[in-house]
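First comes the structure, then the notes that go with it.
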Amino acid sequence: MNLKLKVWRQKDRNSEGRLVDITANSIPPEASFLEMLDIVNDELTRKGDEPIAFDHDCREGICGTCSLSINGIPHGPSETTTCQLYMRKFSDGDTIYIEPFRAKAFPVIRDLCVDRMAFERIQQAGGFITARAGSAQDGNAILVPKQNADLAMEAAACIGCGACVGACPNGSAMLFVGAKVTHLAELPQGQPERQRRVLSMVAQMDKEGFGNCSNYYECEAVCPAEIPATVIAKLNREYAVAGAKDTVGVE
Amino acid sequence: MNSCCTFLRSSIGKKLLVAITGVILIAFVIGHLLGNLQFFAGPHVINEYGTKLRHLPFGGLWVVRIGMIAAVLLHIFTTLMLVKENRAAKGAGYQFKASVQAKVATRLMALSGIILLSYIVFHLLHFTTHTINSDYAHWMDGEDHDVYRMIVAGFSNKAVAIFYIVAMVLLAMHLSHGAASLFQTLGLRTKKMACRLGLCAQIFAWVICAGYVSIPVAVLTGFYDKKHIGNAETPSCCEAPATKGAK
Ligand code: FES
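Chains A and B, in that order, are what the protein sequence lines are.
Residue numbers for the first sequence follow this note's numbering, beginning at 1266 and rising by one.
Residue numbers for the second sequence follow this note's numbering, beginning at 2 and rising by one.
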């Protein structure tokens, strides 16, 4: 199939970017979206042009490295990641807009690559547990009720790709932070640092310049890991309780 | 105290403020509607109700008024701060604009909010301070202020009635998003209730809208106590209500 691409090209952080028309010819429908870009890049390299820069790693939907917005939607019209999107979802002759995830806190580094280090800094602010290093204890020694285990597991599915931020009209990272906070707040191992964690992570999230959720729920619609927006309700609740306790000095 | 300020200045703190003031405003919208519906119980009921409100113990009416103004201002001011931050956070956005599941009411929150605010200002000047028609202040029903006649006269003006109805439709849109969202912001929305919550908020919002709109519709269709309006003496200075003489 032949496609008309409108691809965001930007030299570096400080340059102005713009959409450039590129044609993609003889693309097999069984190619993934990223393989389609590989084919286009081969062609560009052969002609002596700069290939399109885009993020990718596992190409099997588990690492969260691939990004891109396809026709304005992060990861495009699939329920999964860009690497797991196949060209059969498109038709011959389609025009496809390919842009980087858009948010102030995710500056474009080059073409379709954005800097998502803000997520790492939020994680470093509190998205962990402090555990004794040593031989692992028996897995069944800490009992976790099934219901909590399910909620924690669902939230832990977040691969940190940033599609939620890219989709949010407010550039909010609350689905990501909600997932991380929910994941640990549901488990016994997360309890000792529960209060400090949510306060620090939200403070870092605000500092990074992410916006505020106003309940559009676009994030949950594009999330390749199907994290539900109810984790944001959980985040709000955790934050309100932690903030109240912190104000009156209860640990 | 310091941590309290940090809390209120944070993203979630501000959202909580909007939600809590939203709850107060929703309570008012319900209370005000229940008061208004006494229109259908006849002139004396609503006129007496008006007098009762004015003579609430401990200056209750003023407590409510000041509380409501504070809630409205806080609701708007906090929202403006959030909107400003959100615009900055999104930056330029996409060249190809798309959305997957955002509702129209959600996207129009700012618009519905602004038009509602302008309506509230008009409404207060019209029925509360009588600035728009100062004659209303002199209309009496025995000892009570003739609220009934004021409502009929007010809504007999088609432009006023239409503005009111449009504002109430926008109120329904604003509430259909707001009433569901406050559960999310207050951390009460769970997966189990997620889908029903949206529907319940819609039903709630449109029931409120129907309640409010029923009054101008009743006036416009002549469904009110014409005898009361006819009997009311019209001071020569006043423009006669549309139905003068209908007995
Ligand atoms: S490349 Fe790893 S999820 Fe797409």
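We treat Cβ as the ideally placed atom computed from N, Cα and C, and that holds for glycine.
Note that the coordinates shown come from a computational prediction; the quantities given were computed from them, not determined experimentally.
Inset, instruction - Using alpha carbons as the reference points, say which of Ile216(B), Leu117(B), Phe224(B) lies closest to Asn37(B). - result: Ile216(B)
Inset, instruction - Pull up the distance between the alpha-carbon of Thr1310(A) and that of Met1301(A), whole angstroms please. - result: 14 Å
Legend entry - Contact set between Lys85(B) and chain A, taken where Cβ atoms lie within less than 9 Å: Per Cβ cutoff of 9 Å: no residues; Lys85(B) is ~10 Å from chain A at best.
Legend entry - Boundaries of the beta strand (DSSP E) in which Ala1318(A) is found, first to last residue: Careful: Ala1318(A) lies outside any beta strand (DSSP E) and carries neither H nor E.
Legend entry - chain B contacts from the segment 1465-1483 of chain A (Cβ-Cβ distance under 8 Å): Val1467, Ala1468, Met1470, Asp1471, Gly1474, Phe1475, Gly1476, Asn1477, Cys1478, Ser1479, Asn1480, Tyr1481, Tyr1482, Glu1483
Legend entry - Beta-carbon contacts of Asp147(B) that lie in its chain and below 7 Å, excluding the five residues immediately before and after: Asn48, Trp140, Met141, Ala233
Inset, instruction - Determine, using beta carbons only, whether Ser177(B) and Ala195(B) come nearer to each other than 9 Å. - result: no
Inset, instruction - Closer than 8 Å by beta-carbon distance: list the chain B residues that pair up with Arg1375(A), in chain order. - result: Those within 8 Å of Arg1375(A) in chain B number zero; the least Cβ separation is about 17 Å.
Legend entry - Ser1297(A) vs Pro1489(A) beta-carbon contact at 9 Å: no
Inset, instruction - Measure from the C-beta of Leu1500(A) to each C-beta in chain B and report whether the shortest distance is under 9 Å. - result: yes
Inset, instruction - Could you tell me the boundaries of the beta strand (DSSP E) in which Thr1288(A) lies? - result: 1283-1289
Inset, instruction - Taking only heavy atoms of the ligand FES into account, decide whether any of them is closer than 8 Å to the Cβ of His1321(A). - result: yes
Inset, instruction - Keeping to the same chain, check which residues put their C-beta closer than 7 Å to that of Met69(B); ignore five residues upstream and five downstream. - result: Phe29
Inset, instruction - For Arg190(B), return the contacting residues in chain A, with the cut-off set at a CB-CB distance below 7 Å. - result: Thr1495, Ala1498
Legend entry - Interface flag, Ala1368(A) vs chain E, CB-CB below 9 Å: Of the protein chains in the structure, A and B, none is chain E.
Inset, instruction - Give the DSSP bridge partners of Glu1229(A), in chain order. - result: Since the displayed chain A opens at 1266 and closes at 1516, residue 1229(A) lies outside it and no answer follows.
Legend entry - Residues bridged to Asp145(B) (per DSSP): Asp142(B)
Legend entry - Bridge-paired residues (DSSP) for Ser1437(A): Gly1476(A)
Inset, instruction - Identify the contact partners of Glu1364(A) in chain B, using a Cβ-Cβ distance below 9 Å as the criterion. - result: Tyr95, Gln96, Phe97
Inset, instruction - Taking the CB atoms as reference points, tell me whether Glu1419(A) and Pro1339(A) lie closer together than 9 Å. - result: no
Legend entry - Identity of the residue in Pro1453(A), Gln1388(A), Pro1372(A), Val1430(A) nearest Asn1405(A) by Cα: Pro1453(A)
Legend entry - Among Thr1347(A), Glu1325(A), Glu1308(A), Gly1326(A), the one whose alpha carbon lies nearest that of Phe1319(A): Thr1347(A)
Inset, instruction - Output the distance between the C-alpha atoms of Leu1333(A) and Val84(B), rounded to the nearest integer angstrom. - result: 26 Å
Inset, instruction - Could you tell me which chain B residues have their CB closer than 8 Å to the CB of Gly1436(A), listed as they occur along the chain? - result: Asn87, Ala90, Lys91, Gly92
Legend entry - Rounded distance between the beta-carbons of Met1470(A) and Ile1387(A), thought under 8 Å: 5 Å
Legend entry - Distance CB(Ser113(B))-CB(Ala106(B)) smaller than 9 Å: yes
Legend entry - alpha helix (DSSP H) runs contained entirely in the segment 1377-1415 of chain A, provided each spans 4 or more residues: 1382-1391
Inset, instruction - Go through its chain and collect everything with a Cβ distance to Ala1398(A)'s Cβ below 8 Å, but skip five positions before and after it. - result: none
Inset, instruction - Would you kindly report the start and end of the unbroken beta strand (DSSP E) that includes Leu189(B)? - result: Per DSSP, Leu189(B) belongs to no beta strand (DSSP E) and is neither H nor E.
Legend entry - Ala20(B) versus Cys1323(A) - alpha carbon distance: 41 Å
Legend entry - Residues sharing a beta bridge with Leu1270(A), DSSP: Ile1287(A), Ile1361(A)
Inset, instruction - Consult DSSP for Ala72(B) and reduce its assignment to one of helix, strand or coil. - result: helix
Legend entry - Beta carbon of Ile27(B) nearer than 9 Å to that of Ala180(B): yes
Inset, instruction - Check the Cβ of Thr1512(A) against every Cβ in chain B and list those closer than 7 Å, keeping chain order. - result: Ser4, Cys5, Phe8
Inset, instruction - Determine which residues of the segment 1321-1352 of chain A have a Cβ less than 8 Å from any Cβ of chain B, and write them out in chain order. - result: Ser1334, Asn1336, Gly1337, Ile1338
Inset, instruction - Would you identify the three-state DSSP class for Tyr1351(A), choosing helix, strand or coil? - result: strand
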